[in-house]
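Since the structure comes first, as structure tokens, the remarks are kept for the end.
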Amino acid sequence: GEKVEQHQSTLSVREGDSAVINCTYTDTASSYFPWYKQEAGKSLHFVIDIRSNVDRKQSQRLTVLLDKKAKRFSLHITATQPEDSAIYFCAANTNTGKLTFGDGTVLTVKP
Amino acid sequence: GALVYQYPRRTICKSGTSMRMECQAVGFQATSVAWYRQSPQKTFELIALSTVNSAIKYEQNFTQEKFPISHPNLSFSSMTVLNAYLEDRGLYLCGARETISNERLFFGHGTKLSVL
């Protein structure tokens, strides 16, 4: 089955800098890649997603890049703020409807 | 907008007892509901995927005998954790989507299960 790997368990940046979180997946049938964030003690909050028919999607300070050949996708956050601190989860979804999550990256934005 | 309400938010049960959690979709039709568990310090594991009018598909390591799920209509789903033990503690999330092709999952707040 699908395996999603998130390569950084932690990432620390200074406020105002950019943060990049990288993920890889194994199933070439995966066609949908969402990102979620989880703040301490809370549920998953949707951040941004990308479908396999495009290789880039931007929403304000967030950009997702998808490289289907390398089976790799990444989340880029520009002008980071302390409020961006959270655990970020990438995920991949095949057309069976099963969404598989990575292990999460703890992002800390230091003031 | 699309919302998913999940309750209870927190629950504590004695070892060997059972607890039920419920999920309500508002503003859209929850054709497909996925139940996940996040054990302490871990990621989200899929327990089962339920589609209205289809059989519920359980993932390896999870069974209907332990985690029975009901998905009777397009707005409601419930899951019970039977005979809960320490290894069952964690955050349980339901995620719902309108169709398989409309792939974004809307998640509820989660049910945090503690087992004494």
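Sequence lines, in order, name chains A and B.
Everything in the first sequence is counted per the numbering used here, starting at -12 for the first residue and increasing by one.
Everything in the second sequence is counted per the numbering used here, starting at 88 for the first residue and increasing by one.
Backbone N, C-alpha and C fix where the C-beta goes; we use that ideal spot for every residue, glycine too.
- Bridge partners of D36 (chain A) according to DSSP: A:P21.
- Contact between S18 (chain A) and G195 (chain B) is ruled out by a C-beta separation of about 25 angstroms, above the 8 angstroms threshold.
- C-alpha of S72 (chain A) to C-alpha of I64 (chain A): approximately 11 angstroms in a straight line.
- Assigned with DSSP and collapsed to three states, D175 (chain B) falls in helix.
- Per DSSP, reduced to three states, the secondary structure at E70 (chain A) is helical.
- Counting the other Cβ atoms within 10 Å of the Cβ of V120 (chain B) gives 16 or more, which makes it buried.
- Burial check for F193 (chain B): the Cβ neighbour count within 10 Å reaches 16 or more, so the residue is buried.
- The region 106 to 114 of chain B makes no contact with the region 72 to 84 of chain A: fewer than 3 CB pairs, one atom from each, lie closer than 8 angstroms.
- When the beta-carbon positions are compared, Q93 (chain B) and C181 (chain B) come within less than 9 angstroms of each other.
- Annotation for T198 (chain B): the continuous beta strand (DSSP E) segment containing it runs T198 to V202.
- Taken through DSSP and simplified to helix, strand or coil, V(-9) (chain A) comes out as strand.
- Residue-level contact check: F131 (chain B) touches chain A, since one or more beta carbons of chain A fall below 9 angstroms from its beta carbon.
- For G88 (chain B), no CB of chain A lies under 9 angstroms from its own CB, so it is not counted at the interface with that chain.
- Restricting attention to B:L90, B:K129, B:K101 and B:K144, the CA atom closest to the CA of L173 (chain B) is found in B:K101.
- For T118 (chain B) and T95 (chain A), the gap between their C-alpha atoms comes out near 37 angstroms.
- With respect to the C-alpha of I8 (chain A), the residue from A:G91, A:H32 and A:P98 having the closest C-alpha is A:G91.
- Proximity of E190 (chain B) to chain A, defined by a Cβ-Cβ separation below 9 angstroms, is satisfied.
- Straight-line measurement puts the Cα of G28 (chain A) at about 22 angstroms from the Cα of T167 (chain B).
- For V96 (chain A), the pairing in a beta bridge is given by DSSP as A:V0.
- In chain B, no part has a C-beta under 9 angstroms from the C-beta of N40 (chain A); the shortest such distance is about 12 angstroms.
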